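In what follows, a structure is listed as structure tokens, so that the remarks can point back to it.
Number of protein chains: 2
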Amino acid sequence: MGKPIKVVTKTFKVIEILNQGKGISLKDLAQQASLPKPTAFRILDTLLSLGYADQDAATQQFRLGSKFLTFVKSSSAGADIIALAKPYMEKLGEAYGETINLARLTGDQIIYVRVLESDHSFRISDNIGDRASVHSTAIGKAIAAFLPEPQLKEILNTTTFTSFTRKTIIDEASLRKHLVLVKLQGYSVDDEEGHDGVLCIGAPIFNKDNLPFAAMSISMPKVRAKKKVLDNMIRDLPKVAVQLSLDLGVTDIRKCFGKEPS
Amino acid sequence: MGKPIKVVTKTFKVIEILNQGKGISLKDLAQQASLPKPTAFRILDTLLSLGYADQDAATQQFRLGSKFLTFVKSSSAGADIIALAKPYMEKLGEAYGETINLARLTGDQIIYVRVLESDHSFRISDNIGDRASVHSTAIGKAIAAFLPEPQLKEILNTTTFTSFTRKTIIDEASLRKHLVLVKLQGYSVDDEEGHDGVLCIGAPIFNKDNLPFAAMSISMPKVRAKKKVLDNMIRDLPKVAVQLSLDLGVTDIRKCFGKEPS
DNA sequence: TAATGTCGTTTCACATAGTGATATATACGT
DNA sequence: ACGTATATATCACTATGTGAAACGACATTA
């Protein structure tokens, strides 16, 4: 790989900082990005002129431009999977009346790309674009369990095992042990590990290279998670995920669940 | 405004081309971007190294990286409005059982940022991230009607009045005439102008500068759009939109609907 | 109101960093 | 094996981005 273009790298650093919050001053931004003020300013100015950043008229603060919304679709198979998953998600939603989530792995994070909300007034619901960590979600664990070792290692190295509840898995060793179980089962369970009172089951979705890159999950208040219902979900959800993987171009699903992807 | 950084401008041109489709070869991309191949390559190479582009191992084609999903939230008040709108959308959804849309104006396009689907099996539904044009949607017309003349002009200049149905407004003069009516009413109606058999009503949402930047709409099959129901919607929807504008920091709502924003 | 501080923004001489015609590598088809 | 399509690599040239310093606008204080 050749040398990356420096300005572009800097530009994305700026964009990532803009993405952290609602607004930031030039001074703070330059500082966080470790860039001289004029350099940061020129980058912002360019983004402004392209519509990828906005400047608040009153406070003069800078923020990401709404033009970034343009990229929601088509982000690398994003469009595909969302469209293909829709009917399955609706079927699951109708069958169980709980919230169905679809999320992708991006770097070391889980990003929700589609959420079908339950119509219960007492329900669990994340929003599209929300981010979550791998170690505390059914989705994350479903994906992680089937990742090739090098990539898993990379993710776990950058993961901070934040504790959200008393049941959150907070060290790598326990997580790895847990992932072995997930791999055996073919689905993952998050039993109040992300939020108290919330139970979630997840199943991995594979791309045509037999690699897990997304997952689907059903989340519900634990009080509604009766054994019988759960058993049915554990039967249906992985089935749906497999079907979706096949739709996405997986030819031999056994390779996905096997020990090592070819 | 100073001179924009050229590489950055080129980079976003490349990104926008990548965003158009599922995958593209270096050759085609360089051609579409009017860039020499090595230049295009270096830009792609940089995006690759940053994770903002992917290259298909088999076909060698390039596409946008999923890392762009990271920017879905926090795109300029995007997060705010979505969170604030949620309860209102749910209330409308419960009240009428039809699909409720929330969309923003970005450039000359409408981008859906949240969709709450009706539970009718016969329903209208766009997806989050979908784009639509101003002239053919209730959302677009609701926003356009309250835009200051210079911005409206700019949008209409770049608009191609694509005809979707026999009722689509296909020239600027008719649209402007129509917008006067919308401004008077305070809400917009799309009567089979985007899709045959689909009726939609929309109301504008203003930001703290009293400018319309988003809108909410209710869409339904025309067969279900009975006069009585419509009358209720036309009463409720603008009320909700006004409330949302106030939540977003508008202090004097009359200024928004007045002749010229101060 | 003058003095001081703190921003965002502009300037400009300098050299680094990006350019792109050309060359090479690699894959595939015949 | 040859031709032809790619995607990559090279490298001399100079256009382009750099950042210290200066500027202007506004706010805060004396």
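Top to bottom, those sequences are chains B and A.
So the first sequence is numbered by the numbering used here: it starts at 1 and just counts up by one.
So the second sequence is numbered by the numbering used here: it starts at 263 and just counts up by one.
Even glycine gets a Cβ: it sits at the ideal position worked out from N, Cα and C.
In this text, all values refer to a predicted model and were calculated from it rather than measured experimentally.
With a CB to CB cut of under 6 Å and the five nearest residues on each side skipped, what residues in its chain are close to ASP509(A)?
Within the same chain, ASP509(A) has close Cβ partners LEU346.
Cβ neighbour criterion (16 or more within 10 Å) applied to ARG516(A)
Counting C-beta atoms within 10 angstroms of its own C-beta, ARG516(A) has fewer than 16 neighbours from the protein chains shown and is therefore classed as exposed.
Take every Cβ of the stretch 441-448 of chain A, pair it with every Cβ of the stretch 319-333 of chain A, and state whether three or more of those distances are shorter than 8 Å.
Flag = no, the stretch 441-448 of chain A and the stretch 319-333 of chain A do not touch.
Could you compute how far the alpha carbon of VAL270(A) sits from the alpha carbon of ASP130(B)?
About 28 Å.
Going by the DSSP bridge assignment, what does ASN101(B) pair with across the sheet?
As a beta-bridge residue in DSSP terms, ASN101(B) pairs with VAL115(B), SER217(B).
Quick one: give me the first and last residue of the alpha helix (DSSP H) that SER49(B) is part of.
Element bounds for SER49(B): 37-50.
Closer than 8 Å, CB to CB, is ASP252(B) near chain A or not?
No - not a single Cβ of chain A is within 8 Å of the one on ASP252(B).
Cutoff 8 Å: SER76(B) Cβ touching any chain A Cβ
Per-residue confidence for SER76(B) stands at a pLDDT of 49, beneath the threshold of 50, marking its modelled position as unreliable; no derived number is given.
Secondary structure of SER76(B), DSSP reduced to three states:
Residue placement at SER76(B) is flagged as unreliable, the pLDDT there being 49, under the threshold of 50; the coordinate-derived value follows with that caveat. In this structure, DSSP gives SER76(B) a state outside helix and strand, which the three-state scheme calls coil.
Cβ-Cβ distance between VAL115(B) and ARG104(B) below 8 Å:
The Cβ atoms of VAL115(B) and ARG104(B) do not sit closer than 8 Å to each other.
Quick one: which unbroken beta strand (DSSP E) runs of 3-plus residues sit fully inside the stretch 382-435 of chain A? Chain order, please.
Listed in chain order, the complete beta strand (DSSP E) runs (minimum 3 residues) inside the stretch 382-435 of chain A are 393-395.
Distance, Cα to Cα, VAL250(B) vs LYS415(A)?
Whole-angstrom Cα-Cα distance: 49 Å.
In whole angstroms, what separates the C-alpha of LEU29(B) from that of LEU473(A)?
Distance between the alpha carbons of LEU29(B) and LEU473(A) is about 27 Å.
Identified DSSP bridge partners for SER188(B)
According to DSSP, SER188(B) bridges with GLY202(B).
Can you pull the chain B residues whose beta carbon is under 7 Å from the beta carbon of TYR358(A), in chain order?
The premise fails here: TYR358(A) is roughly 15 Å from chain B at the closest Cβ pair, so nothing lies under 7 Å.
Going by C-alpha distance, which of VAL334(A), ALA357(A), LEU364(A), GLU360(A) is nearest LYS348(A)?
For LYS348(A), the nearest C-alpha among the options comes from LEU364(A).
Starting from GLY264(A), find everything on chain B with Cβ-Cβ shorter than 7 Å and list it in chain order.
Chain-order list of chain B residues neighbouring GLY264(A): ARG42, ASP45, by C-beta distance under 7 Å.
So, helix, strand or coil for LEU24(B), using DSSP?
It is worth fixing the name first, because residue 24(B) is Ile in this sequence and not Leu. DSSP, read as helix, strand or coil, puts ILE24(B) in strand.
What residues from the stretch 382-400 of chain A come within 8 Å of chain B, judged by C-beta to C-beta, listed N to C?
Taking 8 Å as the upper bound on Cβ-Cβ separation, chain B lies near residues ASN389, ILE390, GLY391, ASP392, ARG393 of the stretch 382-400 of chain A.
Sub-8 Å separation of SER188(B) and THR159(B) beta-carbons
No, the Cβ-Cβ distance between SER188(B) and THR159(B) is not below 8 Å.
Contact under 8 Å by Cβ, ILE401(A) with SER479(A)
A contact, by the Cβ cut-off of 8 Å.
Using a 10 Å radius around the Cβ and a threshold of 16 neighbouring Cβ atoms, would you call HIS120(B) buried or exposed?
With fewer than 16 other CB atoms across the displayed protein chains lying within 10 angstroms of its CB, HIS120(B) is exposed.
Rounded C-beta distance between GLU98(B) and SER118(B)? I'm assuming under 8 Å.
Right, their Cβ atoms sit about 5 Å apart.
Start and end of the beta strand (DSSP E) containing GLN317(A)?
Counting along the chain, the beta strand (DSSP E) containing GLN317(A) begins and ends at 315-317.
So what's LEU492(A) in DSSP terms, helix, strand or just coil?
In the three-state reduction of the DSSP assignment, LEU492(A) falls in the helix class, which pools H, G and I.
Cutoff 8 Å: THR361(A) Cβ touching any chain B Cβ:
Output row for THR361(A): interface = no.
What in chain A is Cβ-close to ARG104(B), meaning under 9 Å?
Within chain A, SER328, LEU331 have C-beta atoms less than 9 Å from the C-beta of ARG104(B), given in sequence order.
Leaving out five residues on either side along the sequence, give the residues of the same chain with a beta carbon under 7 Å from the beta carbon of LYS22(B).
Excluding residues within five positions, the ones whose Cβ falls inside 7 Å are ARG63.
Grouping DSSP H, G and I as helix and E and B as strand, with all else coil, what is LEU64(B)?
Correct three-state label for LEU64(B): strand.
Closer than 7 Å: is that where the CB of ASP498(A) sits relative to any heavy atom of the ligand ATP?
Among the components modelled here there is no ligand, and therefore nothing to report on the ligand ATP.
Within 10 angstroms of its Cβ, does LYS141(B) collect 16 or more other Cβ (buried), or is it exposed?
Result: buried.
Taking just the CA atoms, how far does LYS484(A) sit from LYS429(A)?
Rounded to the nearest angstrom, the two C-alpha atoms are 14 Å apart.
Do we get a CB-CB distance below 8 Å when we pair LEU312(A) with the residues of chain B?
Yes, LEU312(A) counts as interfacial toward chain B.
List the endpoints of the continuous alpha helix (DSSP H) containing VAL250(B).
Per DSSP, VAL250(B) belongs to no alpha helix (DSSP H) and is neither H nor E.
What in chain A is Cβ-close to ASN210(B), meaning under 8 Å?
In chain order: nothing, as chain A lies at least about 12 Å away.
List the residues of chain A whose Cβ lies closer than 8 Å to the Cβ of GLY249(B), in chain order.
None at all; the shortest Cβ gap to chain A is about 11 Å.
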